[in-house]
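Protein chains in written order, with the working numbering: chain A, 1 to 344; chain B, 1 to 344; chain C, 1 to 344; chain D, 1 to 344.
Yeah, the Cβ is synthetic: ideal placement off N, Cα and C, and Gly gets one too.
No experiment lies behind these values; they were computed from the predicted model shown.
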């Protein structure tokens, strides 16, 4: 930790800062600059004490150098983490393709779409049974019935599935059926939920919040990890900016930035970032180009009948097209779609 | 609802849109423009069907005119709502001053600060017993013990208190002690929590999410209201932007904008927007100037010992100064601090 | 244009709006909704009159349907524009690779780097002679001498070059030497400069402003086009958001969105969006995945000596690597790097 | 300057950084931390060398401590600057009220409005003669004729006027007529223009760019100051965020933040931030509450006829109301509207 003093900090202000640092049991190192003093602090444990120093007179700024996340940090875990979900692997250097309807609407709809994406090469199924909706008047999902339908779809296709857990009340029922639990973007800082999901014994797909910094995203992963779940995959699905030409601004820059500081896998949701049918494939390929470990894509065979976000779903044939181009893009990058053979 | 057609929409595309509108049981009105067709839709119920039309070929854009929120809208409730919390009133035209520590740390600390703000004219007490924290390693609050301390502080000062409910598990215990329940900004779209808090039978202070639009904010209020809580006060505490010279960007523009479309009261949290000791009072006075119905302010008598956000707390004497200037600012605007006499 | 009336608009307010519409010589079409009136306006010329109606009492909102840009719109020019710069083509379906130093620093440095990128397959050279810098104390470029150096590099390598025009005073000198004029992102709404550059008789590469909407970007292109320059290429180089893990947030979503509404080519600048050496290639490949018509990349063989932005330059060998992967990614998308043979 | 090394930086990487620091002629101070090395650099001149060090292997981050602006910094000029424009003073502790039409449309319109605002207590006149407009098809101002009209209005009312300079070509003519030159927000980083305006010998009102950080804003002020103009007033007029309920998000937090680091006066433009008639006064009073040194307000007596931004203009009677409430708000803050008597 570094404490930058005001240009005009007085002797007694400096002394008070030094005393406080020593009061915490740390060491203070004076680094006189051209026109101001910086005090290096060593022996400190982390983020906690930063702000108390900042409120002292004569202190301009306190700079935290050590990252506040530990388990999610690449500094303490240099190898990429590989997250296993049934026979699917995230982070092994290849690309995972997750596809399915935004919402589970009926047995027929889900089986139809599950078949469609399985036969076109998806490795994992997605579908919402519990749907958090901005409006209390919107369709809120089929609940446990939706989970049963997804289970049936898994039986028929052999694909494991990921589905959202919306609250602590439903963790156990969702964990009973699902292969991977999804934390929605609105819940990325629902810490009570994160703690409980961390203990549920299942791999987790955690969506980045709409205006979460990279550090906050990793702190939320840390909540999961410190509570027992080491199998965390991050999902970028667009952030909120001034832009109004897409539903959200897909922030592909977070992919290389996350990989720089963390060992966790990261995938892209091009459907929710795009929000528009015609731009899903461009967003998806951009995500692959940025180095994402996978994609999670809305597919619907009758989008005009969808109860949720039909405007952003790919048709099965468009999903085929995405698969074809993705294979080529991955090959150019030295990757494949699907789990690495040698890792099996 | 208005459906804007592409410049080059074909006859058959137009026909298909018309058929779908009629299929929903609505009426379609053709409005030929200089170079494109707009179709007015009447008889529709609301937001639900918007997106299905948007996915039809030949449709450029669908414009929703009717607001998706009903109970929170000024169109259905033209008078300002007045929210009563014990003998305190929000939205009666006057200004409510809430003050107290960010976190309840101990009986002594809380009673000291409660006395300090009560004697200086605060009408309501604030203090966190359950603290959502970005880091799993940070102080997370005293829990129910914190609520007991706040209750003691209420007994001593006569001031009702507001405190955050972090999850559904603790609603009943918080509601047992507190006069007003706070929804934190990270939970503004935790719909399970909103539904449950809406049924708790207490007035609610709902903080606007860090990147929530006005419409989303009112939709979350709608979740509370449709579940039974009509006593909702909104709180602006800063939004996330590119700016880095304050903890958050206090969006005072939301005050007049909300009052234009909604009847709900809105207050300002200058401590969390500012994040810096020296700018709390400027943020507070800006909020009053914008027309806010109240302020909620962190006060601490020993900020350098605070377990949470000490750097943004006002000292008791600074709170006195805020009270003094606020009285003058309110008077200039034809308001007072405190409940309107005639309304008692 | 559509005029949405307040729910409680009075008869006389409605009448006044109707009169004003007719006063402009337009037609007013009444579209009664479930609970409010919308007035369709036809015969209007464009954006100008929008705001006068919005200031009338009883008007909730005025919705402009016709886009304010004309020449840049795909509605009036359905085919993709192909912009020719010497023997290089933007927008023909293939991908153009522009590379070179951020700033021209000396004859030796520029010739060395120009050779390096030419021999590795770049089709066009970049390099700044006039450098707009945030600080008045930073290196501001070599000026005309820089242009002479770039001309020499063109002679040696055969590659045409693009360079920034910073002000009207230097348009003629830059246009004398350069093959393509660049408008910097800080000048995207410098309308005096746009008008003058539009008349300079050279193709233009216009960088999107750091917080420019798509509509504003196309309005600025419109300034160039209405003044005579039809050869406009847009460049996305990252936008400003709350994110702090990259220099800017590369907004790849603008690529498909722009192509939906405009016929102009668009390229990506991954160096300025990334700002960090290690993430330039991921940003570049994301741009290609999103469908960009080209890339413009900083390359420097001695980045630690660069006078400008050395931290974001690729080394020549890294540029080779980018070229290799890009070829594969383009092939997967049915494209090539370089001008389409059939178009020659 | 502080150089933070990677956790795993090697001996030779550290040595290379040290050598480079010494190569610049500076001193390197080693500050070993719990788990990583920080190197303090002293003797450096400023911002220039930061990035070269950042591109070295083993370097995690370089932290610049000394602010890159010098003349605008409070560290080198501790007293508030007072900017004198004729008999008006900005920054003397009181509040300056500037009012007038957005655009000069005609002699009659301007004289009418100038009379209206002068008789209601404005101390300075505003009005655009050269109007930068997003659309090339919009009204672009009367040019020099507009300046003559403003001069006439000054003669009649005795109020000095401020008006925008859009480009270097018109600096001399604007400076010939105007009392204060305005730099528009789109030109805040038009460095050629800033340099030239800095030499024009007139006080300058510089609008903050729509997404300019505080540091960038002060760097642009620095451009003016280093070129000779010490009389710079900053103007906050709203920034661009995700918010869509106002034209821009008025960032009142910049007022106390700027005053913390700079001695320059800052005023608020509530008309351009609000964009809506009904919210101009709330924005204005918020600006005063935040501590602004003045306001610049659009006033129009026939807003429905205005050629520019009529929807955001106050009527003369509303301006009276703003003046009345402002007087009270200022009094509560220990200020007055108008120049301090003792300073005359």
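Contact between residue 163 of chain A and residue 128 of chain A holds: CB atoms are separated by about 6 Å, below the 8 Å threshold.
Identification of chain C residues near residue 171 of chain A by a Cβ-Cβ cut-off of 9 Å yields none; the smallest Cβ-Cβ distance measures about 30 Å. Residue-level contact check: residue 302 of chain A does not touch chain D, since none of the beta carbons of chain D fall below 7 Å from its beta carbon. In the DSSP assignment, the residues bridged to residue 30 of chain A are A:39. Three or more beta-carbon pairs drawn from the region 263 to 278 of chain D and the region 290 to 303 of chain D are found closer than 8 Å, and the two stretches are therefore classed as touching. If the five residues before and after residue 310 of chain D are omitted, its C-beta is found closer than 7 Å to the C-beta atoms of 300, 303, 304, all from its own chain and listed in chain order. Listed along the chain, the chain D residues whose CB falls inside 8 Å of the CB of residue 243 of chain B are 213, 214, 239, 251, 253, 254. With 16 or more neighbouring CB atoms inside 10 Å of its own CB, residue 283 of chain C falls in the buried class.
Neighbours of residue 315 of chain D across chain B, judged by C-beta separation under 7 Å, do not exist; the nearest C-beta is about 17 Å away. The three-state secondary structure of residue 135 of chain A, taken from DSSP, is coil.
The alpha-carbon of residue 6 of chain A is positioned some 23 Å away from that of residue 43 of chain A.
By the Cβ neighbour-count rule, residue 87 of chain C is exposed, with fewer than 16 other Cβ atoms within 10 Å of its own. In the structure shown, residue 182 of chain B falls within a strand segment according to DSSP collapsed to helix, strand and coil. Per DSSP, the unbroken beta strand (DSSP E) holding residue 163 of chain A starts and ends at 161 to 164. In the same chain as residue 4 of chain D, and ignoring 5 residues on each side of it, the C-beta atoms closer than 6 Å to its own belong to 38, 60, 61, in chain order. Under the three-state reduction of DSSP, residue 153 of chain C is assigned to helix.
The beta carbon of residue 289 of chain D sits no closer than 7 Å to any beta carbon of chain C.
Counting the other Cβ atoms within 10 Å of the Cβ of residue 223 of chain B gives 16 or more, which makes it buried. Around residue 20 of chain A, the same chain offers 52, 53, 56 as residues with beta carbons nearer than 8 Å, after the five sequence neighbours per side are excluded. At least one CB atom of chain C sits nearer than 7 Å to the CB of residue 329 of chain A.
Measuring C-alpha to C-alpha distances from residue 27 of chain D to each of D:2, D:35, D:36 identifies D:2 as the nearest. Contact with chain C is absent for residue 62 of chain D, since none of that chain's Cβ atoms lies less than 7 Å from the residue's Cβ.
Pairing residue 72 of chain A with residue 221 of chain A gives a Cβ-Cβ distance under 7 Å. For the region 5 to 18 of chain C, the residues whose beta carbon sits under 9 Å from a beta carbon of chain B are, in order, 6, 7, 8. At a cut-off of 7 Å between C-beta atoms, residue 75 of chain D counts as an interface residue with respect to chain A. Beta-carbon to beta-carbon, residue 103 of chain B and residue 139 of chain B are separated by about 7 Å, close enough to satisfy the 8 Å threshold. Our two residues, residue 82 of chain C and residue 168 of chain C, have alpha carbons roughly 26 Å apart in a direct line. In this model, residue 334 of chain D and residue 180 of chain B are separated by some 35 Å (Cα to Cα). Chain-ordered, the chain C residues with CB closer than 8 Å to the CB of residue 54 of chain D read 311. Residue 133 of chain A and residue 166 of chain A have their C-alpha atoms roughly 11 Å apart. Beta-bridge annotation (DSSP): residue 235 of chain B is paired with B:207, B:267.
If you draw a straight line from the Cα of residue 96 of chain D to the Cα of residue 207 of chain B, it comes to about 35 Å.
A direct Cα-Cα distance of roughly 26 Å separates residue 317 of chain C from residue 141 of chain C. DSSP lists no beta-bridge partner residue for residue 78 of chain C. Distance from the Cα of residue 201 of chain D is smallest, within the candidate group D:225, D:257, D:18, for D:225. Under the three-state reduction of DSSP, residue 106 of chain A is assigned to coil, being neither helix nor strand.
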